[in-house]
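Student: One structure, pasted below without further comment.
Residue numbers (my numbering), protein chains in the order written: chain Z, 51 to 468; chain G, 2 to 119; chain P, 10 to 177.
Okay, structure coming up:
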């Protein structure tokens, strides 16, 4: 019988279940199946129930940002509001548009939520608690988000509605575009920790969180993740203040509820991912001796990330679709590649030419490199904007013709030869 | 390792079933009074005109193509990043050469105006 | 020889993948065919995972399902106004093609059966991705194909330029 270990209670329960079933004389493979089913069932339930809490949290915090109270009538502090919403959605009629492709129409929301839930299969909750510690965890996350884009495409297409199709195209274009800088910034924690498994990445942050070693990459990952979940300022996908709400326009009742569940679960998944890759996951004082404490640290960091998302959402206005795409391809992709190159060069140069530097020294050097990178990027943007402005003023002057000649005398003097 | 992938496989199966539960529940609880007007496609309150296809821009396809190229690039870079810690300097430089070639191509297509949403 | 659980799972996955492959060709609606294709990609990924090639399995899902399938669907919706194939499913030469396909299958099956496969060396799978990464940039291994692959990707981007200028 496995010894009772209160500091590691979930793993103890897992092993206890296995021991109890084996003592009943069942085949070892069957025991493994039952153990996995129990673990997955519990994990999936927790993951699907957390959005109910975070929806309430989001409405309260967003309300406070807008100087109002948020829901406070249903239950104390409005805690039962999410339950009321779920009950309402359950009782709404399920309208399927005629000529819609029935199978795909019904399966798309399920695939959408599937792509979000399975993200939690690889996220480490504590030093001994991780669902599946596969050695390709980071790439697995990317593959799963690809599945999510297919689900949105199918949802939009199967609705037999022009607006839904157009909304789905735009949504897929945005998601797919912002995946590129997200993947590239994720290469940096993989580089710094030497492994793609999320548990190894968290364990490698035992002495210094990666947000200190690669702050620019962290911020970029955060911003592109916000674009991936379709949140403000990138929420053209849902466009809440406009009538045609995009790909889920024809979904009613609980299927719409499932799409909303997908959106909120995705929003909450960014916090834990950011915490895992850059904020040290479950690392904290005594996290390795008392694994349950790791869960507490992890949840604190993820909710901090979620709070940042709500903060950004309440503050910034929406970006237009063409600005969105040019921001991605002309700014985020080159800049994230630049950050990757700089981090790779600086870290390797340090370990080749100064192998003795400790953790603090390495952190200082990398942080300084990141700061210099940010400064040079800002200077680059300023010069580019200045060039565009000068060109536009030149065009204006060309339009105004003779009246501009007197002005040109000031600016047209060639610089003296240096 | 096999247990991990089995975990993911069962997770995928359960992840497909769990969200189906509220939908099935809603099927039993909600009313079923369909009429042709309700089942009509939504077009901001007007009658629909034409089939549901869109003459959409080639720009979508180009963005997807550029995405495929950069996706393949990053998949190549993942093993390089995993082996990064034990690599001598010139091997890191080979990887950076790979990246720079593609940055050059990105600048080229930028200058050619392919990335305009237009 | 008793059948083990991995063998059962493999049989189910293999038959599923073959079925989805057949449905890709048989389906009348083009978008349905694309979805069956996605399912067959997924079946192949599962086979890779069962072979303990986790990296390749995930690359299969990321690249094929997440990028190429989306490209295919976009291309379909850009070029075709009519999504349904109303022509007959078979043409007049179906008997001859059936004979050729059956002959190819019997030939291959016989060949695979007759070969004396030597048992594979059991290799340690620790750090296999790191080994792959190292091999990609090792001067006397695969560094040249690695850099040539980047040139190949540049060619694809130039192709995008060609498409864009054509549309203009």
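For glycine and all other residues, C-beta sits at the position ideal for the given N, C-alpha and C.
#1: Would you call residue 184/Z buried or exposed, if buried means 16 or more other Cβ atoms sit within 10 Å of its Cβ?
#2: Could you pull out every unbroken alpha helix (DSSP H) segment of at least 4 residues lying fully inside the stretch 117 to 183 of chain Z, listed in chain order?
#3: Could you check how far apart the C-beta atoms of residue 275/Z and residue 232/Z are, in whole angstroms? I think they sit under 8 Å.
#4: Under 8 Å, do residue 103/G and residue 162/P count as touching if we go by C-beta distance?
#5: Applying a beta-carbon distance threshold of less than 8 Å, which residues of chain G neighbour residue 480/Z?
#6: What does the alpha-carbon distance come out to for the pair residue 60/P and residue 182/Z?
#7: Run through chain G and tell me which residues come within less than 8 Å of residue 138/Z, C-beta to C-beta.
#8: Would a check of beta-carbon distances place residue 16/P closer than 8 Å to chain G?
#9: Any beta carbon from chain G within less than 8 Å of residue 172/P's own beta carbon?
#10: Taking Cβ positions, are residue 22/P and residue 193/Z nearer each other than 8 Å?
#11: Out of curiosity, what's the CA-to-CA distance linking residue 66/G and residue 169/P?
#12: Are the stretch 148 to 167 of chain Z and the stretch 12 to 26 of chain G in contact at 8 Å, needing three or more beta carbon pairs?
#13: Quick one: complete alpha helix (DSSP H) runs, 4+ long, within the stretch 114 to 153 of chain P?
#14: Of the residues that make up the stretch 113 to 125 of chain P, which ones have a beta carbon closer than 7 Å to any beta carbon in chain Z?
#15: Are residue 101/Z and residue 314/Z closer than 8 Å when you measure CB to CB?
#16: Quick check on residue 281/Z: does DSSP put it in helix, strand or coil?
#17: Only counting the same chain, and skipping five residues up and downstream in sequence, which positions put a Cβ closer than 6 Å to that of residue 96/G?
#18: Below 8 Å on the Cβ atoms is my guess for residue 357/Z versus residue 322/Z; work out the distance and round it to an integer in Å.
#19: Could you work out which residues of chain P lie near residue 73/G, taking near to mean beta carbons separated by less than 7 Å?
#20: With DSSP as the reference, label residue 349/Z as helix, strand or coil.
#21: Since residue 31/G contacts residue 140/Z with CB under 8 Å, what's their CB separation in whole angstroms?
#22: Measuring alpha carbon to alpha carbon, tell me which of 121/Z, 249/Z, 283/Z and 261/Z ends up nearest residue 367/Z.
#23: Could you name the residues of the same chain whose beta carbon sits closer than 8 Å to that of residue 112/Z, not counting the 5 residues immediately before and after it, in chain order?
#24: If you measure from the beta carbon of residue 52/P to each beta carbon in chain G, is any gap under 8 Å?
#25: Check whether the Cβ atoms of residue 328/Z and residue 268/Z lie closer than 8 Å to each other.
#26: Take residue 145/P and list the residues in its own chain whose beta-carbon comes closer than 6 Å to its own, dropping the five residues that flank it on each side.
#27: Suppose contacts are defined by Cβ-Cβ distances below 8 Å. Is residue 203/Z in contact with residue 222/Z by that definition?
#28: Does DSSP put residue 369/Z in a helix, in a strand, or in coil?
#29: Report the rounded CA-to-CA distance for residue 61/Z versus residue 80/Z, giving the unit in angstroms.
#30: Contact check, residue 94/Z vs residue 167/Z under 8 Å by CB: the rounded distance?
#31: For residue 17/G, decide whether its Cβ has a neighbour in chain P, counting only Cβ atoms nearer than 8 Å.
Tutor: By the coordinates alone:
#1: Position 134 of the first chain, counted from the start, is the residue given in the question as residue 184/Z. Buried, because 16 or more other Cβ atoms sit within 10 Å of the Cβ of residue 184/Z.
#2: For the stretch 117 to 183 of chain Z, whole alpha helix (DSSP H) runs of length 4 or above, ordered along the chain, are 131 to 140 and 152 to 167.
#3: For this step, residue 275/Z is matched to residue 225 along the first chain. For this step, residue 232/Z is matched to residue 182 along the first chain. Their Cβ separation, rounded to whole angstroms, is 6 Å, which keeps residue 275/Z and residue 232/Z in contact under 8 Å.
#4: Position 102 of the second chain, counted from the first residue, corresponds to residue 103/G. Position 153 of the third chain, counted from the first residue, corresponds to residue 162/P. Less than 8 Å divides the Cβ of residue 103/G from the Cβ of residue 162/P.
#5: The question about residue 480/Z has no answer here: the residues shown for chain Z are numbered 51 through 468.
#6: As a first step, residue 60/P must be located in the third chain, where it is residue number 51. As a first step, residue 182/Z must be located in the first chain, where it is residue number 132. Those two C-alpha atoms are separated by around 17 Å.
#7: Position 88 of the first chain, counting from 1, holds the residue named residue 138/Z. Residues of chain G passing the Cβ test: none, with the nearest at roughly 11 Å.
#8: As a working mapping, residue 16/P is identified with position 7 in the third chain. Under the 8 Å criterion on CB atoms, residue 16/P is classed as non-interfacial with respect to chain G.
#9: Counting from 1 along the third chain, the entry for residue 172/P is found at position 163. With 8 Å as the cut-off, residue 172/P counts as an interface residue toward chain G.
#10: For the purposes of this step, residue 22/P is taken as the residue at position 13 of the third chain. For the purposes of this step, residue 193/Z is taken as the residue at position 143 of the first chain. In this structure, residue 193/Z does not lie closer than 8 Å to residue 22/P by Cβ.
#11: Reading the second chain from its first residue, position 65 is the one you call residue 66/G. Reading the third chain from its first residue, position 160 is the one you call residue 169/P. Their backbone Cα atoms lie some 7 Å apart in a straight line.
#12: Verdict: yes, contact present.
#13: Given a length threshold of 4 residues, each whole run of the alpha helix (DSSP H) inside the stretch 114 to 153 of chain P is given here in chain order: 137 to 146.
#14: Within the stretch 113 to 125 of chain P, not one residue has a Cβ closer than 7 Å to any Cβ of chain Z.
#15: Walking along the first chain from the start, residue 101/Z turns up at place 51. Walking along the first chain from the start, residue 314/Z turns up at place 264. Cβ distance < 8 Å, so residue 101/Z and residue 314/Z count as in contact.
#16: As a position in the first chain, residue 281/Z is number 231, starting the count at 1. Per DSSP, reduced to three states, the secondary structure at residue 281/Z is coil, with no helix or strand assignment.
#17: Within the second chain, the letter at position 95 stands for residue 96/G. Excluding residues within five positions, the ones whose Cβ falls inside 6 Å are 81.
#18: In the first chain, counting from the first residue as 1, residue 357/Z sits at position 307. In the first chain, counting from the first residue as 1, residue 322/Z sits at position 272. Not confirmed; about 13 Å, so no contact.
#19: As a working note, residue 73/G is residue 72 in the second chain. Ordered by position in chain P, the residues that pass the 7 Å Cβ test against residue 73/G are 72 and 162.
#20: Start at 1 with the first residue of the first chain, and residue 349/Z comes out as number 299. DSSP, read as helix, strand or coil, puts residue 349/Z in helix.
#21: In the second chain, the residue the question calls residue 31/G occupies position 30. In the first chain, the residue the question calls residue 140/Z occupies position 90. Taking the Cβ atoms as the reference, residue 31/G lies roughly 7 Å from residue 140/Z, within the contact range of under 8 Å.
#22: Numbered from its first residue, the first chain carries residue 367/Z at position 317. When each option's Cα is compared against that of residue 367/Z, the closest is 283/Z.
#23: In the first chain, counting from the first residue as 1, residue 112/Z sits at position 62. The answer, listed in chain order, is 120, 360, 363 and 364.
#24: Your numbering for residue 52/P matches position 43 in the third chain. For residue 52/P, the closest Cβ of chain G is not nearer than 8 Å.
#25: On the first chain, residue 328/Z is found 278 positions in, with the first residue counted as 1. On the first chain, residue 268/Z is found 218 positions in, with the first residue counted as 1. Yes, these two residues count as a Cβ contact at 8 Å.
#26: Position 136 of the third chain, counting from 1, holds the residue named residue 145/P. So the qualifying residues of the chain are 151 and 155.
#27: Taking the first chain and counting its residues from 1, the one referred to as residue 203/Z is at position 153. Taking the first chain and counting its residues from 1, the one referred to as residue 222/Z is at position 172. Between residue 203/Z and residue 222/Z, the CB-CB gap stays under 8 Å.
#28: As a working mapping, residue 369/Z is identified with position 319 in the first chain. Coil at residue 369/Z, not helix or strand.
#29: Position 11 of the first chain, counted from the first residue, corresponds to residue 61/Z. Position 30 of the first chain, counted from the first residue, corresponds to residue 80/Z. Rounded to whole angstroms, residue 61/Z to residue 80/Z spans 19 Å at the Cα level.
#30: The count along the first chain starts at 1 and reaches residue 94/Z at position 44. The count along the first chain starts at 1 and reaches residue 167/Z at position 117. Contact between residue 94/Z and residue 167/Z holds: CB atoms are separated by about 6 Å, below the 8 Å threshold.
#31: For the purposes of this step, residue 17/G is identified with residue 16 of the second chain, where counting begins at 1. By this cut-off, residue 17/G is not an interface position.
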